[in-house]
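All letters in the sequence shown, in the order written, are residues 301 to 436 by the numbering used here.
Even glycine gets a Cβ: it sits at the ideal position worked out from N, Cα and C.
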Amino acid sequence: MEALEIEKSHSLECANDLLNLPRENLAPQQGSKLAPSRHSLSYSIDEARPKTRDEFSEFQNAIVEKIRSFKESSMYELFLEGCIRSLSAGLELNQLRKVTSEMQTLLNQRIAASKAPVQSSTATLNKKGQKPRKFV
Numbered sequence: 301m302e303a304l305e306i307e308k309s310h311s312l313e314c315a316n317d318l319l320n321l322p323r324e325n326l327a328p329q330q331g332s333k334l335a336p337s338r339h340s341l342s343y344s345i346d347e348a349r350p351k352t353r354d355e356f357s358e359f360q361n362a363i364v365e366k367i368r369s370f371k372e373s374s375m376y377e378l379f380l381e382g383c384i385r386s387l388s389a390g391l392e393l394n395q396l397r398k399v400t401s402e403m404q405t406l407l408n409q410r411i412a413a414s415k416a417p418v419q420s421s422t423a424t425l426n427k428k429g430q431k432p433r434k435f436v
């Protein structure tokens, strides 16, 4: 169990290094204590300590938005593959199945979406692949 926590901690550190989020925009909260502003991307992932579902959702959105800013890079796909593999390595079998199922669902949706325009354009053709004639 301790090895799993170390792996998760290491994965988070690696993700933070890759994302290189700025640290200088920390907002003061309750006196001299500094805390990240959760309503902007400028907070440091190192400072985030999500505990609730909403906090994790906010944390996820910040990470996703930052990563998507690199979408145009030629290395983006390779980066995503590495992140997904590293983050999934420490998962239990059932958790890994859930992640795999979500990825497969996304793939199936993309395949269906790419086929949909092709099917609608061929729907006007008859069995011989010709457009039907209009009778006057």
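Can you tell me whether residue i is helix, strand or coil according to DSSP?
{"i": "Asp354", "result": "helix"}
{"i": "Glu402", "result": "helix"}
{"i": "Ala348", "result": "coil"}
{"i": "Ser414", "result": "helix"}
{"i": "Glu365", "result": "helix"}
{"i": "Phe359", "result": "helix"}
{"i": "Lys407", "result": "Strictly speaking, residue 407 in this sequence is Leu, with Lys absent from that position. The answer is helix: DSSP assigns Leu407 an H, G or I state."}
{"i": "Leu391", "result": "coil"}
Along the alpha helix (DSSP H) that carries residue i, what are the first and last residues, could you check?
{"i": "Ile384", "result": "376–388"}
Enumerate in chain order the residues of its own chain whose CB-to-CB distance from residue i is below 8 Å, with the five nearest sequence positions on each side excluded.
{"i": "Ala416", "result": "none"}
{"i": "Gln395", "result": "none"}
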